[in-house]
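Some notes on the structure that comes next.
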Amino acid sequence: MLGTRLLYKECPGSHLLLFSLCMRREQTALLKRVVASLLGLLKPAQIPAAAMNQPPQHALDDPNVYHWICQLTYGPQKEQALLELGRKREQFDDLAPVLWSSFGVMTSLLNEIISVYPMLQPALLSNQLSNRVCNALVLLQCVASHSDTKHLFLQAHIPLFLFPFLNTTSRQRTFEYLRLTSLGVIGALVKNDSQDVIGFLLRTDIVPLCLRIMESSSELSKTVAIFILQKILLDDIGLQYICATMERFYAVTNVLKDMVEQLTLHAPPGRLLKHIIRCYLRLSDDLEARRLLKLVLPEKLRDNTFTEVLRDDVGSKRCLAQLLLTLNEDTQQQQPQQQQPQFPATTAN
Ligand code: TRP
Numbered sequence: 001m002l003g004t005r006l007l008y009k010e011c012p013g014s015h016l017l018l019f020s021l022c023m024r025r026e027q028t029a030l031l032k033r034v035v036a037s038l039l040g041l042l043k044p045a046q047i048p049a050a051a052m053n054q055p056p057q058h059a060l061d062d063p064n065v066y067h068w069i070c071q072l073t074y075g076p077q078k079e080q081a082l083l084e085l086g087r088k089r090e091q092f093d094d095l096a097p098v099l100w101s102s103f104g105v106m107t108s109l110l111n112e113i114i115s116v117y118p119m120l121q122p123a124l125l126s127n128q129l130s131n132r133v134c135n136a137l138v139l140l141q142c143v144a145s146h147s148d149t150k151h152l153f154l155q156a157h158i159p160l161f162l163f164p165f166l167n168t169t170s171r172q173r174t175f176e177y178l179r180l181t182s183l184g185v186i187g188a189l190v191k192n193d194s195q196d197v198i199g200f201l202l203r204t205d206i207v208p209l210c211l212r213i214m215e216s217s218s219e220l221s222k223t224v225a226i227f228i229l230q231k232i233l234l235d236d237i238g239l240q241y242i243c244a245t246m247e248r249f250y251a252v253t254n255v256l257k258d259m260v261e262q263l264t265l266h267a268p269p270g271r272l273l274k275h276i277i278r279c280y281l282r283l284s285d286d287l288e289a290r291r292l293l294k295l296v297l298p299e300k301l302r303d304n305t306f307t308e309v310l311r312d313d314v315g316s317k318r319c320l321a322q323l324l325l326t327l328n329e330d331t332q333q334q335q336p337q338q339q340q341p342q343f344p345a346t347t348a349n
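Next up, the structure:
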């Protein structure tokens with residue numbers, strides 16, 4: 001604070017810059033945390049009291065929560081209410097049901113989201129606006145991840161409101177944040193794999209949207225997008241859906257292949273490789289997909305390129321070994337019947 005004041009005194013214009021840098025750092029930290037908690041990456045010290053067997057705190061007992069909920073619904077401090085409630089989301093185990101059942105809160109959150117739709121152009125979306133709507137999305141993620149509210153959230157079709165954000169392609173930070181936080185909401189929904197969530201998502205364009213994000217967004221967004229794809233594949237109906245047409249199968253495997261190619265460019269590959277391997281392994285459970293995988297599996301997954309990187313990751317090493325074994329075994333079994341068609345016959349749309 002002192003630093004800010006000093007700077008301001010010496011150079012009046014600079015406090016704005018400093019303020020926006022601090023905001024950006026805070027926002028980035030918030031989003032990283034949201035993703036980390038989604039992917040189960042938090043260290044014990046970072047896990048909130050509510051999750052650590054300490055007596056959980058109740059949002060309803062906290063007069064501040066009441067205050068900020070009123071502000072969120074009626075104003076005038078809506079923006080601050082979004083921020084304050086977002087900061088408290090891990091402190092309480094009942095914030096999600098409280099948000100869901102408080103009169104006007106969901107409407108207010110949806111209103112925040114809808115009002116940004118006309119601004120989804122790089123020249124129009126300011127940092128402040130992007131941060132504001134990201135804070136609203138963080139609260140939606142809270143509702144999407146709680147077992148009492150998840151299904152209500154789904155039944156109300158609220159995830160559909162996020163698609164205009166997922167559908168953006170600008171690489172500007174403001175848009176990256178919007179995509180990442182929206183993916184966070186979908187990620188929270190699929191996290192404890194329930195069939196109805198996957199069933200709902202398969203009726204949307206989530207797969208092609210995730211694929212596009214995996215191709216061209218930031219590393220964090222790619223990680224959440226492939227996490228969602230992997231959850232869809234792990235579901236039986238999800239696997240069937242992806243393997244139902246050649247177009248879908250190739251859309252997925254082409255993107256996975258490109259990701260593998262990009263991985264070696266910048267080491268270490270981090271979490272992406274783990275998810276990529278598991279997606280391929282799961283695809284190999286479908287017999288037709290298995291046959292095609294033998295043709296399209298990237299060479300770098302066969303030739304020990306990643307041995308060193310995977311040294312400490314026993315799980316992924318095992319998955320990769322199993323994948324190669326499955327593809328190999330199948331080849332050996334098929335050798336006597338060379339005339340088999342290379343492509344499955346059942347690929348009609
Ligand atoms: N409507 C398209 C389809 O059903 C959606 C889609 C486009 C898609 N690309 C995809 C689905 C890739 C799965 C994978 O095919």
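Numbering of the sequence shown is given in full-length UniProt numbering, commencing with residue 1 and proceeding in unit increments. Where is the CB? At the ideal position from N, CA and C, for every residue including glycine.
Distance between residue 183 and residue 81 (C-alpha atoms, nearest Å): 22 Å
Shortest alpha-carbon distance to residue 63 belongs to which of 95, 302, 221? 95
Report the option in 191, 149, 289, 122 whose CA atom is closest to the CA atom of residue 173. 122
Checking 7 Å against the spacing of the C-beta atoms, do residue 352 and residue 108 come in under that value? Here the chain has residues from 1 to 349 only, and residue 352 is not among them.
If you reduce the DSSP assignment to three classes, tell me which class residue 230 lands in. helix
With distance defined between alpha-carbon atoms, name the residue in 137, 66, 149 nearest to residue 179. 137
Span of the alpha helix (DSSP H) around residue 277: 271-283
Based on the DSSP secondary-structure assignment, which residues constitute the bridge partners of residue 57? 92
Return yes when at least one heavy atom of ligand 1 lies under 6 Å from the C-beta of residue 116, else no. no
Short of 7 Å in beta carbon distance, which residues of its chain neighbour residue 120, apart from the five on each side in sequence? Order them along the chain. 164, 168
What's the C-alpha gap between residue 329 and residue 226? 27 Å
Quick check: residue 105 and residue 144, are their CB atoms within less than 7 Å of each other? no
Cut-off 8 Å between Cβ atoms - residues of its own chain near residue 258, not counting five sequence neighbours on either side: 215
Please find out if some non-hydrogen atom of ligand 1 comes closer than 6 Å to the beta-carbon of residue 296. no
Is the distance from the Cβ of residue 57 to the Cβ of residue 91 below 7 Å? yes
Could you spell out where the alpha helix (DSSP H) holding residue 263 opens and where it closes? 246-263
If you draw a straight line from the alpha carbon of residue 302 to that of residue 248, how long is it in whole angstroms? 24 Å
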